[in-house]
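Colleague: Numbering (numbering that gives the first Met the number 0), first residue to last: 0 to 141.
Every residue gets a Cβ at the ideal spot worked out from N, C-alpha and C, and that includes glycine.
Note that the coordinates shown come from a computational prediction; the quantities given were computed from them, not determined experimentally.
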Amino acid sequence: MIYALKQLERRFMKQFVRATAVLMVAHAVNAQYAIEHPTISAGGGALVTPTYAVVGTIGQPAAGSLAGGTYALQGGFWAGQTGESCPGDVNGSQTIDLDDLQIVLFNFGQNVPSSTQGDLDGSGTVDLDDLQLLLFNFGMSC
Numbered sequence: 000m001i002y003a004l005k006q007l008e009r010r011f012m013k014q015f016v017r018a019t020a021v022l023m024v025a026h027a028v029n030a031q032y033a034i035e036h037p038t039i040s041a042g043g044g045a046l047v048t049p050t051y052a053v054v055g056t057i058g059q060p061a062a063g064s065l066a067g068g069t070y071a072l073q074g075g076f077w078a079g080q081t082g083e084s085c086p087g088d089v090n091g092s093q094t095i096d097l098d099d100l101q102i103v104l105f106n107f108g109q110n111v112p113s114s115t116q117g118d119l120d121g122s123g124t125v126d127l128d129d130l131q132l133l134l135f136n137f138g139m140s141c
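1) Answer with buried or exposed for ASP187, where buried requires no fewer than 16 other C-beta atoms within 10 angstroms of its C-beta.
2) In whole angstroms, give me the CA-to-CA distance for MET139 and ILE95.
3) In the DSSP output, what is THR124 paired with across the bridge?
4) Note down the Cα distance separating ASP129 from VAL103, rounded to an integer number of angstroms.
5) Rounded to whole angstroms, what is the Cα-Cα separation between GLY82 and CYS141?
6) Provide the residue span of the alpha helix (DSSP H) that contains ASP99, from first to last.
7) Use the C-beta contact count for GLY117: other C-beta atoms within 10 angstroms, 16 or more gives buried, fewer gives exposed.
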């Protein structure tokens with residue numbers, strides 16, 4: 000009888016240790032995201048998904064990449080306005096053509112982080128105003 004109780008006690012302890020290990024791993028998996036070593040840097044950009052949004056700007060000596068698990072973040076300067084703009088030229092080809100129209104129509108009604116995805120008026124959404132701007136300049140070269 001004592002032998003049976005000792006075996007039962009060992010079995011219980013093994014299960015208890017396993018359950019504790021599983022709970023510890025589950026707690027670690029549920030950890031919060033953090034940037035441990037912030038810097039004052041310049042540049043920035045926007046990354047928007049249905050779940051996450053990352054936008055940043057200020058300073059810039061520390062451009063580089065951050066990665067962990069399935070996530071990656073590339074640091075660097077924001078692109079500035081250069082020369083004359085070409086209203087409606089979404090893909091930067093210096094011509095407003097069917098390729099630009101395709102990008103605007105593909106992203107129509109969506110929130111996008113940049114004009115390279117069809118947000119020509121900078122509102123954050125590809126909408127009728129963006130389509131109108133593209134169609135008004137359609138066929139032009141810059």
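Modeller: The short version:
1) Any answer about residue 187 is impossible in this case: the structure gives the chain only from 0 up to 141.
2) 6 Å
3) ASN110
4) 8 Å
5) Caution is warranted here: a pLDDT of 49 is assigned to GLY82, below 50, making its placement in the model unreliable, and the coordinate value is therefore given only provisionally. Their Cα atoms are separated by approximately 11 Å.
6) 97-105
7) buried
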